[in-house]
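Protein chains in written order, with my numbering: chain A, 3 to 144; chain B, 107 to 225.
Ideal Cβ placement from N, Cα and C applies to all residues, glycine included.
Note that this is a predicted model, so its numbers are computed, not measured.
Quick notes on the structure that follows.
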Amino acid sequence: MAANISLQPREFVMALSSTAVGGFIGTLLRDVLTSAEHLPSPSSSLVTWPQEIPWVLLIINFVGVFVATRLLRGPLRRRDPNDLTRLLIITGFFGGLTSYSGLFVDLAAIWHVCVGGAIGVAVGAVLSGVLAGWLGLARLHR
Amino acid sequence: MTLLLISLVGALGCVVRYVLEYAVRRHHPTRRPWATVAANALGCGIAGYAAYRLVGASDVHLRDIVLTGFCGGLTTFSSAFAVPAILQREHHWGFSLALVITTPLTCAGLFALGMALAH
Numbered sequence: 003m004a005a006n007i008s009l010q011p012r013e014f015v016m017a018l019s020s021t022a023v024g025g026f027i028g029t030l031l032r033d034v035l036t037s038a039e040h041l042p043s044p045s046s047s048l049v050t051w052p053q054e055i056p057w058v059l060l061i062i063n064f065v066g067v068f069v070a071t072r073l074l075r076g077p078l079r080r081r082d083p084n085d086l087t088r089l090l091i092i093t094g095f096f097g098g099l100t101s102y103s104g105l106f107v108d109l110a111a112i113w114h115v116c117v118g119g120a121i122g123v124a125v126g127a128v129l130s131g132v133l134a135g136w137l138g139l140a141r142l143h144r
Numbered sequence: 107m108t109l110l111l112i113s114l115v116g117a118l119g120c121v122v123r124y125v126l127e128y129a130v131r132r133h134h135p136t137r138r139p140w141a142t143v144a145a146n147a148l149g150c151g152i153a154g155y156a157a158y159r160l161v162g163a164s165d166v167h168l169r170d171i172v173l174t175g176f177c178g179g180l181t182t183f184s185s186a187f188a189v190p191a192i193l194q195r196e197h198h199w200g201f202s203l204a205l206v207i208t209t210p211l212t213c214a215g216l217f218a219l220g221m222a223l224a225h
């Protein structure tokens, strides 16, 4: 399917609205879930780096990649990037739910306690993203 | 109230990312996610700056609104790994691998630059 590259003003407003609604819900859900996890302050001398690992965000990111990959190769495969459903779900909801910057903020806190630990968690986060994408495709091609 | 603001600003971040993607795609039609890489790098740069600047902020809500809301919405982990996975499936191995390696390195570099500028 040819991509709908250029949008009319009304279509563009609809696209922005769809992205905003998905982004609102995704961000809301991420904030609620990550707020449930209380990571200790890295400035405390009693903190060890494993205590600073943002497990909730790592799991959110893993699930987000898995489901987004599955949807983009499944039900949303033939939707162009300006399709309202795709914008609502992929660009908005999963874009708002998952976070790259949040990961780096948490990695900076680990770095403050243990540089090696921060590098290890960063590598683990990247590998988990690759694995989630691979699993998202593997289920479809079974 | 803060949760509502975080969500609203997060939605704004998503919209900014989409506008960036739309503008790039409109002028340079491609399936390669350059704009997503740029949005992630930009969001991490802003996050680095804000994380340093707002580390001792009296208003902790402002930190959450900027970092969790705007930067969280502007950046995306799902598309950053879903798109390379799909490109790899379509036999664009080299580009897929390059995205997986360069995106986190670029984000790390911009995050560090943001912190350095805030220092």
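Chain-ordered neighbours of residue i on chain A, where CB pairs are closer than 8 Å
i      : result
B:I171 : Simply none; closest approach about 10 Å.
B:V206 : V128, G131, V132
Residue closest to residue i, alpha-carbon to alpha-carbon, out of the options
i      : options                        : result
A:L74  : B:G175, B:H167, B:A191         : B:A191
B:F187 : B:L203, B:L160, B:A144         : B:L203
A:L35  : A:I91, A:W57, A:I92, A:A124    : A:W57
A:L105 : A:I92, A:G76, A:I55, A:C116    : A:I55
B:E196 : A:L139, A:T21, A:V23, A:A127   : A:L139
A:D108 : B:L193, B:V206, B:Y158         : B:Y158
B:E127 : B:A141, B:W199, B:C120         : B:A141
B:L205 : B:T136, B:V143, B:R132, B:H134 : B:V143
B:I152 : B:R132, B:T174, B:T136         : B:T174
Cα-Cα separation between residue i and residue j, rounded to whole angstroms
i      : j      : result
A:T50  : B:Y124 : 39 Å
A:A120 : A:I62  : 19 Å
B:C150 : A:W113 : 16 Å
A:S103 : A:W136 : 23 Å
B:S113 : B:I171 : 8 Å
A:F96  : B:G116 : 12 Å
B:A224 : A:A110 : 14 Å
A:L9   : A:I91  : 19 Å
B:C213 : B:M221 : 12 Å
A:A4   : A:L59  : Residue confidence for A:A4 is low, a pLDDT of 46 falling below 50, so the modelled location carries little weight; the figure read from the coordinates is stated next. Distance between the alpha carbons of A:A4 and A:L59 is about 35 Å.
A:G25  : B:T209 : 22 Å
A:V15  : B:V121 : 11 Å
A:N84  : A:I7   : 8 Å
Check whether residue i and residue j have beta carbons under 8 Å apart
i      : j      : result
B:F109 : A:L99  : One point to set straight first is that residue 109 of chain B is Leu, not Phe, in the sequence displayed. Result no, Cβ atoms of B:L109 and A:L99 do not sit closer than 8 Å.
B:F176 : B:L111 : no
A:A70  : B:S185 : yes
B:L180 : B:A145 : yes
A:L78  : A:A17  : no
A:R88  : A:R81  : yes
B:F217 : B:G178 : no
A:S101 : A:R32  : yes
B:R138 : B:F183 : no
Proximal chain A residues relative to residue i, where beta-carbon distance stays under 9 Å
i      : result
B:A224 : In chain order: nothing, as chain A lies at least about 12 Å away.
Partner residues on chain B for residue i, Cβ-Cβ distance less than 8 Å
i    : result
A:I7 : R131, R132, P135
Residue i: contacting residues in chain A (beta-carbon distance under 7 Å)
i      : result
B:A157 : V107, A110
B:G175 : T29
B:T181 : S101, Y102, S103
Cβ-based contacts, 8 Å cut-off: residues of the stretch 120 to 136 of chain B near chain A: Of all residues in the stretch 120 to 136 of chain B, C120, V121, R123, Y124, V125, E127, Y128, R131, R132, P135 have a Cβ within less than 8 Å of some Cβ in chain A.
Along the stretch 79 to 107 of chain A, what residues have a CB closer than 8 Å to any CB found in chain B? So the list reads P83, N84, L89, I92, T93, G94, F96, G97, G98, L99, T100, S101, Y102, S103, G104, L105, F106, V107, given in the order they occur along the chain.
According to a CB-to-CB cut-off of less than 7 Å, which residues of the stretch 186 to 204 of chain B neighbour chain A? Against chain A - using a Cβ distance shorter than 7 Å - the residues of the stretch 186 to 204 of chain B are A186, F187, A188, P190, A191, I192, R195.
Within 8 Å of chain B by C-beta, residues of the stretch 110 to 122 of chain A in sequence order: Flagged, chain order: A110.
If you measure beta-carbon to beta-carbon, which residues of the stretch 31 to 57 of chain A are closer than 7 Å to chain B? Listed by position along the chain: R32, D33.
Could you name the residues of the stretch 65 to 78 of chain A whose beta carbon sits closer than 7 Å to any beta carbon of chain B, in the order they occur along the chain? For the stretch 65 to 78 of chain A, which is checked against every Cβ of chain B, the residues closer than 7 Å are G66, V67, A70, T71, L74, R75.
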